[in-house]
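What follows is one structure encoded as structure tokens, with my remarks underneath.
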Amino acid sequence: MSSQLATPVPIVLYHSVSERAGPAYAAWNTTPAQLADHLDMMLDRGFTPISLASLVEAISNARSLPERPAVVTFDDGLADFIDGALPVLVDRHVPATLFVTTAYVGRTSEWLSPLGEGQRPMLSWAQLRELVHEGISIGSHARTHRPLDELSPREVMTEVATSRTELEDELQVPVDLFAYPHGYHSDAIKAVVARSGYSAACAVRNAISSTRDDVMALSRVMIQQPCSIVDLGRFIESGGLRSAPFPEQFRTKLWRRVRRMRTRVTRQGRL
Numbered sequence: 010m011s012s013q014l015a016t017p018v019p020i021v022l023y024h025s026v027s028e029r030a031g032p033a034y035a036a037w038n039t040t041p042a043q044l045a046d047h048l049d050m051m052l053d054r055g056f057t058p059i060s061l062a063s064l065v066e067a068i069s070n071a072r073s074l075p076e077r078p079a080v081v082t083f084d085d086g087l088a089d090f091i092d093g094a095l096p097v098l099v100d101r102h103v104p105a106t107l108f109v110t111t112a113y114v115g116r117t118s119e120w121l122s123p124l125g126e127g128q129r130p131m132l133s134w135a136q137l138r139e140l141v142h143e144g145i146s147i148g149s150h151a152r153t154h155r156p157l158d159e160l161s162p163r164e165v166m167t168e169v170a171t172s173r174t175e176l177e178d179e180l181q182v183p184v185d186l187f188a189y190p191h192g193y194h195s196d197a198i199k200a201v202v203a204r205s206g207y208s209a210a211c212a213v214r215n216a217i218s219s220t221r222d223d224v225m226a227l228s229r230v231m232i233q234q235p236c237s238i239v240d241l242g243r244f245i246e247s248g249g250l251r252s253a254p255f256p257e258q259f260r261t262k263l264w265r266r267v268r269r270m271r272t273r274v275t276r277q278g279r280l
């Protein structure tokens with residue numbers, strides 16, 4: 010790895026942007042006014058919003074970045090992005106990447122049913138094409154939003170590769186960015202993502218990315234409510250959170266082992 014100092018790059022992660030959310034889902038919902046306040050704070054503090062593709066290019070090919078770069082991303086592909094997020098982004102000329110769960114395009118967020126939000130409308134293919142026209146980058150968030158580390162190798166391949174094919178066929182644009190559902194990944198899953206044609210993938214990790222980050226497990230800061238502009242400033246300012254690259258924490262390794270053991274037990278119980 011190069012000895013060159015890493016440039017910190019916060020990648021913020023939003024989900025729903027709307028005026029309402031049930032109690033169990035409220036932590037992942039940001040209102041349009043809150044999103045506007047967050048972006049205004051970043052701009053006022055001298056952050057320069059860049060595309061996720063620009064960060065990937067900087068990591069992969071040692072390209073320079075502007076001072077205080079930052080990246081904005083959204084997961085899932087909920088329909089409220091059109092009215093809740095897009096006007097805020099366009100008004101401020103902030104580039105963004107939207108990761109779409111393809112099996113639910115034009116339907117509802119069925120995987121959120123345990124949180125009482127299974128009927129939130131999802132973006133349609135026509136709306137996604139409109140977003141491409143508006144300059145929003147579209148990436149894959151797999152097909153069904155299932156944790157990939159709980160699936161068989163064949164299922165992982167379907168989730169990863171088929172979702173990319175669906176997006177490219179429908180939108181007629183290259184799709185080379187991926188985001189792991191729930192952030193869960195492993196070395197084997199990262200290899201599948203790379204073999205499927207993606208140039209980069211986002212994890213969560215609640216840490217600051219950098220120009221020396223793992224391009225197949227980019228660190229993001231997940232925005233959960235309540236999150237004031239003071240909170241966000243503390244998160245994204247240098248020193249507020251860990252900055253990549255950093256060794257994986259022991260508790261992360263332990264949690265991954267627990268999940269694998271639980272999955273094995275569940276599968277054996279089905280035999």
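Taken in order, the sequence shown gives residues 10 to 280; the numbers are from the working numbering.
Heads up, the beta-carbon is just placed ideally off N, CA and C, and yes, glycines get one too.
Quick caveat, the model's predicted, so the values are computed rather than measured.
Residue i vs residue j beta-carbon contact at 9 Å
i	j	result
E143	V99	yes
F108	H47	no
V26	V97	yes
T220	A67	yes
L44	S146	no
G125	A33	yes
E164	R155	yes
L227	I198	no
S69	S205	no
A216	S252	yes
DSSP bridge partner residues for residue i (one or two, in chain order)
i	result
R229	R214
P130	T117
P17	S219
S122	The partner list for S122 (beta bridge, DSSP) is empty, contrary to what the question assumes.
Residue i versus the options, residue with shortest Cα-Cα distance
i	options	result
D185	S63, P123, R243 and V18	S63
Y193	G242, M225 and P235	M225
Y113	D92, L137 and A105	L137
L160	A212, T111, P190 and P123	P190
L87	T117, I238 and G249	T117
S133	T153, G127 and T111	T111
P17	V230, P235, P162 and Q234	V230
P254	S237, S218 and I245	S218
D53	D92, R101 and I232	R101
Distance between beta carbons of residue j and residue i, contact taken as under 8 Å
i	j	result
F83	A94	6 Å
L121	G127	5 Å
V201	M166	6 Å
Q234	T39	7 Å
V81	V21	6 Å
(request) With a floor of 4 residues, list each alpha helix (DSSP H) that falls wholly inside the stretch 169-208, ordered by position along the chain. (result) 172-180 and 196-204
(message) Just to confirm the assignment: which complete beta strand (DSSP E) runs, minimum length 3, are found wholly within the stretch 48-105?
(response) Counting only runs of 3 or more, we get 78-85.
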